[in-house]
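Visitor:
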Amino acid sequence: MADFRLYNTMTRRVEPFAPADGKTVRMYTCGPTVYNPAHLGNFRTFLFEDLMRRVFALRGWTVRQVMNLTDVDDKIIKRAQEQGKSITEVTEPVVEIFHRDREFLRIQRAEEYPKATAFIPEMIALVETLVARGVAYQADDGSVYFAIGKFPAYGKLSRLDTREVKSGARVLQDDYSKENAQDFALWKSAKAEDEATGAAWDSPWGRGRPGWHLECSAMAMQLLGETLDVHCGGIDLVFPHHEDEIAQSEAATTKTFSRVWSHGAFLLTDGAKMAKRVGNVFTVAGLREAGISAAAVRHFVFNTHYRKELNLSDQALDASTEAVRRVGDFARRLRSPATLELGGTPGLAHGAEAAVLRVEEALFDDLNAPEALAALFDFIRMANAELDRKGGDREAVERARAAFDRIDRVLDIVPEEVRGDTELVRWVEERIAARREARMRRDFAASDRIRDELAGRGVVLEDAGGETRWRLS
RNA sequence: GGCGCCGUGGCCAAGUGGUAAGGCGGCAGACUGCAAAUCUGCUAUUCGUCGGUUCGAUUCCGACCGGCGCCUCCA
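Residue numbers for the first sequence follow this note's numbering, beginning at -8 and rising by one.
#1: Quick one: give me the first and last residue of the alpha helix (DSSP H) that residue 203 is part of.
#2: Helix, strand or coil, according to DSSP, for residue 271 in the structure here?
#3: Does the beta-carbon of residue 208 have 16 or more other beta-carbons within 10 angstroms, so that it is buried, or is it exposed?
#4: Rounded to the nearest angstrom, what separates residue 359 and residue 38 at their Cα positions?
#5: Would you kindly work out how many angstroms separate the C-alpha atoms of residue 366 and residue 198, rounded to a whole number?
#6: Quick check on residue 170: buried or exposed, where buried means 16 or more other Cβ atoms within 10 Å of its Cβ?
#7: Could you tell me if residue 157 is buried or exposed, where buried requires 16 or more neighbouring beta carbons within 10 angstroms of its beta carbon?
#8: Helix, strand or coil for residue 277, going by three-state DSSP, please let me know.
#9: In the DSSP output, which residue or residues are listed as bridge partners for residue 179?
#10: For residue 10, count neighbouring C-beta atoms within 10 Å of its own C-beta (all shown protein chains included) and say buried if the count is 16 or more, exposed if not.
#11: Excluding the five sequence neighbours on either side, which residues of its own chain have a C-beta within less than 7 Å of the C-beta of residue 246, listed in chain order?
#12: When DSSP labels each residue in this structure, what does residue 304 get in the three-state scheme?
#13: I need the straight-line Cα distance from residue 378 to residue 384, nearest angstrom please.
#14: Under the three-state reduction of DSSP, which class applies to residue 85: helix, strand or coil?
#15: CB residue 180 to CB residue 115, shorter than 7 Å?
#16: Tell me, to the nearest whole angstrom, how far the beta carbon of residue 374 is from that of residue 342; I am working on the premise that it is less than 8 Å.
#17: How many whole angstroms separate the CB atoms of residue 463 and residue 293, which I take to be in contact at a CB cut-off of 8 Å?
#18: What does a CB cutoff of less than 6 Å around residue 290 pick up in its chain, not counting 5 residues either side in sequence?
#19: Can you give me the start and stop residues for the alpha helix (DSSP H) that residue 350 sits inside?
#20: Using three-state DSSP, classify residue 233 as helix, strand or coil.
#21: Run the CB neighbour count on residue 210, radius 10 Å, all protein chains shown included, and call it buried at 16 or more, exposed below.
#22: From residue 394 to residue 141, what does the alpha carbon distance come to, in whole angstroms?
#23: Buried or exposed for residue 435, please, with buried defined as at least 16 other CB atoms from any protein chain shown within 10 angstroms of its CB.
#24: Would you please state the rounded distance, in angstroms, between the beta carbons of residue 355 and residue -4? I believe it to be under 8 Å.
#25: Classify residue 317 as helix, strand or coil using the three-state DSSP reduction.
#26: Specify whether the region 94 to 102 and the region 171 to 178 touch according to this definition: at least 3 beta carbon pairs, one from each stretch, less than 8 Å apart.
#27: Out of 426, 333, 372, which has the shortest C-alpha to C-alpha gap to residue 386?
#28: Identify, in the order they occur along the chain, each residue of the same chain with its Cβ nearer than 8 Å to the Cβ of residue 228, setting aside the five sequence neighbours on each side.
#29: Report the three-state DSSP secondary structure of residue 239 (helix, strand or coil).
#30: Find the nearest neighbour of residue 402 within the set 24, 327, 350, judged by alpha-carbon distance.
#31: Using C-beta distances below 8 Å, list every residue in its chain close to residue 262, excluding the 5 sequence neighbours before and after it, in chain order.
#32: Short check: CB of residue 429 to CB of residue 438, under 7 Å?
#33: Counting only runs of 3+ residues fully inside the region 121 to 157, write out the beta strand (DSSP E) ranges in chain order.
#34: CA-CA distance, residue 335 and residue 458?
#35: Are the beta-carbon atoms belonging to residue 57 and residue 48 less than 7 Å from one another?
#36: Going by C-alpha to C-alpha distance, which of 372, 46, 257 sits closest to residue 15?
Given below as structure tokens:
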């Protein structure tokens, strides 16, 4: 089988990749902070991770993916306080929206979606270990900090040793007191608003709540073991989030926390990073209102390599809508009973299987989805041409179908209306048969009436060399 | 200021030290009762600019110009 390569942020190189046990990829993906519906920038990352898990599966590995839901943090507490709610009341509806959006975009369900608030004991245990090992300390205010000075490898992911803190930048401004400006909070002592919103728990250091980085370390190690195969997230998480995760986890276990670190590039809007704080945010809900299909979004995202910035634009989205329509038309043609009847050619079958190999080679080489799409479109053009020849080879059609399905199981870019039309089909095909009769009689008035009738239900007909295809407009 | 990424045809976007994938759009043709779809051909002698290395660079090095990101619990 083809080898598999993945870019590793730790080494800044594309390297051979395989799960440690050779069978199951243990994959941790940083999920959303659920105080507001995730925006498309967040979803670009989740889509990249969806692609990754599907490519792992294509390669033959089992995937065990964990995505955390951060349901306790400053912004959540602030919102809860403003609305006079508990943090749970704030986060629960947002979690629901997240899954709805996730499903709309056809992002496969991860094996686990742990919530930070469900792992408080594990987090406390981790902090206790760190304190016992002397790399964490409790400050005057009761908060517990990680002492980065005690962890020599600190900065290895983000290459901190080669960076400098901006001169004159505010470094030491924090609500808490700590020994070193860059020490980060593992456990934050409770404040009034934490208590008021249900964001405080008992601990050996008094009432408090977990720091952000802590949850990922605790949940990842609890659910996947002390060494992960791959840890993913947006590029902005490299520092400090992932750097801090490494520090806490490796200081506690002395083992490598993740064998590979993989980060997706940003989605931009108008040339700027899409972010709530910038105010240029687009959501899945907005997309749906605009009538953009999930298939089009997936095409749009996969048409650019995951490590390259991608600018959201109506033009690009429209181009993807058209591209995906072509894919859908082809899918319908392949699946049509008439196509099987007319048959294919040996060239169709061979070309289809060559396309699968090309797609796999591209995807196994650091998830090169743009190249995989190119292979798919070459396949579609070749197959349409071969099918036009009506070669009579039914097996060739079946092999082409299997090849297409194998490719689309990863990319999943067939428009919804092509996937799901079932109840319509019988009626449409009956009408098409009636129209065929009319056309045989050269009664084109009747023929056009039927076409109008179908158009009234959104069905567009296409007469192509003896067969009539249809699709939804 | 430190670290880093990017700049390929009208738009989106792969890619390689040896002479430019794919999608969208456009033009022409085939097919067709009409329409659409589909197919065929054409649409970058050129890969931000200027130098350098090389037999040869879009691909390596340097400078410059332009855009972006991280250094602030932001995917």
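A virtual CB, placed ideally from N, CA and C, is assigned to each residue, including glycine. All values reported here derive from a predicted model rather than from experimental measurement.
Guide: Working from what's here:
#1: 203 to 215
#2: coil
#3: buried
#4: 14 Å
#5: Near 57 Å, if we compare the C-alpha coordinates of residue 198 and residue 366.
#6: exposed
#7: Confidence at residue 157 is low in this model, with a pLDDT of 44, below 50, so its placement is unreliable and the value that follows should be read with caution. Flag for residue 157 reads exposed.
#8: helix
#9: 200
#10: Under this definition residue 10 is a buried residue.
#11: 217, 218
#12: coil
#13: Note on geometry: alpha-carbon atoms of residue 378 and residue 384 lie some 10 Å from one another.
#14: Looking at residue 85 - three-state DSSP - the assignment turns out to be helix.
#15: The answer is no: Cβ separation not under 7 Å.
#16: 7 Å
#17: Not quite, the Cβ-Cβ distance comes to about 23 Å (not below 8 Å), so this is no contact.
#18: Around residue 290: 311, 314, 315, 404.
#19: 337 to 355
#20: Residue 233: helix per DSSP, three-state reduction.
#21: buried
#22: 54 Å
#23: exposed
#24: Between the beta-carbon of residue 355 and that of residue -4 there is about 7 Å, and that keeps the pair under the 8 Å contact cut.
#25: helix
#26: Counting Cβ pairs under 8 Å, fewer than three are found: no touch.
#27: 333
#28: Here the set comprises 21, 254.
#29: helix
#30: 350
#31: 302
#32: yes
#33: 127 to 129, 135 to 137
#34: 14 Å
#35: no
#36: 46
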